[in-house]
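A short worksheet on the structure shown next.
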Amino acid sequence: MELRKISVRQAAEAVCNGEPTAHDLIEITLKNCSVINEGLNIFNYIAGIDAIEQAKAVDRRIESGEQMPLAGLPVVIKDDICYGVLPTSFGSSAFKDFISPHTATAVERVMDAGAIVVGKTNLDDMGMGSTTKSSPNGPTINPWVPGYTAGSAGAAAIAAGVGMFALESDSGGALRQGASHCGVIGLRPTMGSVSRFGLNAFSSSFGQVGITAFSSENIISVLKIIAGYDPRDSATSICTDRLDEQNSTPALKDIKIGYPVELIDYLEPSMREIVEKTRDEYIAQGLKFENVELSLFREALQAYYVIAAAEASSNQARFDGIRFGKADEASSLEELYHKNRSSTLGREARRRSIFGAFLLSKGNYDLYYRQALKVWDMVRREFANVFKRCDMILLTEVKKLPVSLNEDKGFLDDWSEDLFCAAVSMSGLPSLTLPAGQIEQFPVGIQLVGYSFSEELLTQVGSRLVR
Ligand code: GLN
C-alpha cells in the first residue's frame, strides 16, 4: 500500500479488510523507516517490537468486529510529544533515555482510533528552532535537496513515505516551515482546539500540536480525531468540542482571500515570483483577492521572541537536576545547578534561558516584556480586522530558501525567518501550509490562515488548490 497515494479513510478500510493486515503494514513500514533513516536522519527512535505488538492488538480488535478510523496506520511523532512507550528526548542529550510516565492526549486519541506509533522524529534543542540544526543528533536532511535542511523531521518522514501522518509541535513555524521545505501539507490548528497535554512546549503561549500529511483530506480526518476538550489541558475548555463544521463544500468563487500588500516587500525575488504566480493561479481557479493591511510583522517577530524566550526561561527552571535533568554530584546547591544546567541545556536553550531571565528582570520587565504583550494584542486585533472582510489570508512560511547545512549565518538569521509564522502564532488562528511550487529543486509552500476553528473550510479549499 503506497501511503502517499491513498486517503486515511481508504487505508483504514483496507486494513479493516485485512488487505494488508496492520501487522504486515507496520512490519514493512518499520523496515522502510530504518532504511530511510540512514540517509536522512529523521528519527531519534524507531519503534520495534512494541509497534508490532500494537499492530497485532489492532488486528485482534478488527477480528472482533471493531471499525477504527485509523486502523493500523503508521504515525510518526515529534520527539517533544510524550509517548510512554518510547523515550522522549525533547531534542536534548540530557533526556536521551527519558521515558515519560504519561502519553500526550493527541497520541492517545490517534492510538484509540487504531494508529500505531512507528517512530519519534528529530527536533532542535528543546524544540527551539525550525531547522533541526541544533539537534544533538545532527540535522535531518531534506529528502528533495540533500545538503539542505528539511525544516522538520516529521515533514521529511511524510515526504519520504514512512508515515501516514505526523503529529508535530509548532510554536513559531517549525511544522509549517518543514511542510513548506518538504512539499507536504501541514496544519497548525486554532489555539485551544487540540490538547497540549504531554507536549513539552518551550513557549506555553505559542506551542501547539499540529498535523503533517500528504493531503488536506487526511489532515482534517486526523484533526477531527485529536481535537476537542481535554480535562488535562484547561486551555481547551474555552473552545467548543466541535470544529466549525461545514455543511456543504463552498464554491471557490465565494471565498475571499486577504492579500497583505506588505508581504511582497519582505520576500527574495524568487519567492516573490512564486507568491504572485500562486495568487494568479488561485484567481484563475475562481478565488477572489483583496489587498489588506497587516503592518506588524516586524514588531510581531520581536514580540514573539521576547515572550517565547521569557516563557522558555521560566519553563526551563525545572530542569535543575533535582526535579528533572541529570543529577550530578556537587558540593553546593549552586554547583549542582551550574553542573546540571550546563549539561542539560544546549546552546540555543541556554541562549533563551539567559535572554528570557534578562527580559523578566526588574526594570526590563516593563521595558520589554510588557511592551511585547501590547504588541501581541495589536497583532491579534489586526488579524481580526482582516477577517471582517475576508475568509482567509495568504502568506508564506519563510522569506527565502533554506541555507545549506554547512552554512551558519547565526541565530538572528534563523530567528528572522519566522517573520510571518510568528505573527500567525501570535494571532492564535489556524494555518494550512500548501505546496505552491518549486524554485530549482526546492519545494516552496504558502500558508492560508483562517479564522478561529475554520479548519474544515481551510482544508476543503486547500484540497482543491494543491498545485
Ligand atoms: N523557529 C521558531 C523558534 O525557534 C519556532 C520553533 C517551533 O515552532 N518549534 O522559536
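So for the sequence shown, my numbering puts the first residue at 54; every next one is plus one.
Glycine included, each C-beta is placed from N, C-alpha and C at the ideal position.
Bear in mind the structure is a predicted one, so any value in this text is a computation, not a measurement.
>> Buried or exposed, going by whether 16 or more other CB atoms sit within 10 Å of the CB of Gln369?
In response: buried
> Measuring CA to CA, which of Pro189, Ser187, Ile102 and Gly263 is closest to Ser484?
Replying inline: Gly263
> Which whole-angstrom value describes the C-beta separation of Tyr282 and Gly172, a residue pair presumed to lie in contact below a C-beta threshold of 8 Å?
Replying inline: Wrong, their Cβ atoms sit about 29 Å apart, outside the cutoff.
>> Rounded to the nearest angstrom, what separates Lys70 and Ala157 at their Cα positions?
In response: Residue identity differs from the one stated: residue 70 is Asn in this sequence, not Lys. Looking at the two C-alpha atoms, the distance is approximately 29 Å.
> Tell me which same chain residues have a C-beta within less than 7 Å of the C-beta of Arg371, skipping the five on either side of it?
Replying inline: Phe377
> Can you tell me the Cα-Cα spacing of Arg400 and Ala166, whole angstroms?
Replying inline: 39 Å
> Under a three-way DSSP split, which group does Gly101 fall into?
Replying inline: coil
> Leaving out the 5 sequence neighbours to the left and right, which residues in its chain are closer than 7 Å to Arg517 when beta-carbon positions are compared?
Replying inline: Leu305
> In its own chain, which residues sit with a C-beta less than 6 Å from the C-beta of Gln338, not counting the 5 before and 5 after it?
Replying inline: Leu305
>> Assuming contact is defined by CB atoms lying nearer than 8 Å, are Thr174 and Asp132 in contact in what I supplied?
In response: yes
>> For Gly481 and Gly225, what's the separation of their Cα atoms in angstroms?
In response: 11 Å
>> Taking only three categories from DSSP, how would you classify Lys341?
In response: strand
> My guess is that Pro313 and Ile134 are in contact by the Cβ rule of under 8 Å, so how many angstroms apart are they, rounded?
Replying inline: Actually they do not touch by this definition, with Cβ atoms about 32 Å apart.
> Do you know offhand how far Gly204's Cα is from Lys186's?
Replying inline: 9 Å
> Does the beta-carbon of Asn344 have 16 or more other beta-carbons within 10 angstroms, so that it is buried, or is it exposed?
Replying inline: exposed
> Between the C-alpha atoms of Met54 and Val215, what's the straight-line distance to the nearest angstrom?
Replying inline: 11 Å
> Would Phe506 be called buried (16 or more neighbouring beta carbons within 10 Å of its own) or exposed?
Replying inline: buried
>> I want to check one thing, is the minimum distance from the CB of Ala67 to the heavy atoms of the ligand GLN below 7 Å?
In response: no
>> Let me check you understand the geometry: is the CB of Asp223 closer than 7 Å to at least one non-hydrogen atom of the ligand GLN?
In response: yes
>> Measuring alpha carbon to alpha carbon, tell me which residue in Leu448, Leu139, Ile492 and Lys462 is nearest Pro322.
In response: Ile492
>> For a test of the three-state rule: what should DSSP assign to Phe148, helix, strand or coil?
In response: helix
> To the nearest angstrom, how far is it from the Cα of Gln230 to the Cα of Tyr422?
Replying inline: 26 Å
> Who are the near neighbours of Lys452 in its chain, counting only those whose CB is closer than 7 Å to its CB and skipping five residues on each side?
Replying inline: Tyr319, Leu320, Glu321, Met324, Glu470 and Leu472
> Less than 8 Å separating the beta-carbons of Ala100 and Leu56?
Replying inline: no
>> By alpha-carbon positions, which one of Asn94, Val497, Ser478 and Ala108 ends up nearest to Leu78?
In response: Ala108
>> Output needed for Asp286: all residues of its chain with C-beta closer than 8 Å, excluding positions within five of it in sequence on either side, in chain order.
In response: Thr158, Ser248, Arg249 and Phe250
>> Looking at the ligand GLN, does it come within less than 7 Å of Asp112, judged from the CB to the closest heavy atom?
In response: no
>> I believe Gly180 touches Asn253 by the beta-carbon criterion, under 8 Å. Please report the beta-carbon distance rounded to the nearest angstrom.
In response: 7 Å
>> Whether or not the region 59-70 and the region 140-152 are in contact is what I'm after, with contact meaning three or more pairs of Cβ atoms, one per stretch, closer than 8 Å; do they touch?
In response: no
> Beta-carbon separation of Pro496 and His234 under 8 Å?
Replying inline: yes
>> I need the boundaries of the beta strand (DSSP E) containing Tyr504, first residue and last residue.
In response: Unbroken run through Tyr504: none, as it is neither H nor E.
>> According to DSSP, simplified to helix, strand and coil, what is Tyr312?
In response: strand
> When you compare only the Cα positions, how much space is there between Leu123 and Val163?
Replying inline: 7 Å
>> Taking a contact to mean a Cβ-Cβ separation below 8 Å, would you say Ile310 touches Phe267 in this structure?
In response: no
> What's the C-alpha gap between Glu326 and Arg332?
Replying inline: 10 Å
>> What does the Cβ neighbour count give for Gly442, buried or exposed, with the cut at 16 atoms within 10 Å?
In response: Looking at the sequence shown, residue 442 is not Gly but Arg. With fewer than 16 Cβ atoms within 10 Å of its Cβ, Arg442 is classed as exposed.
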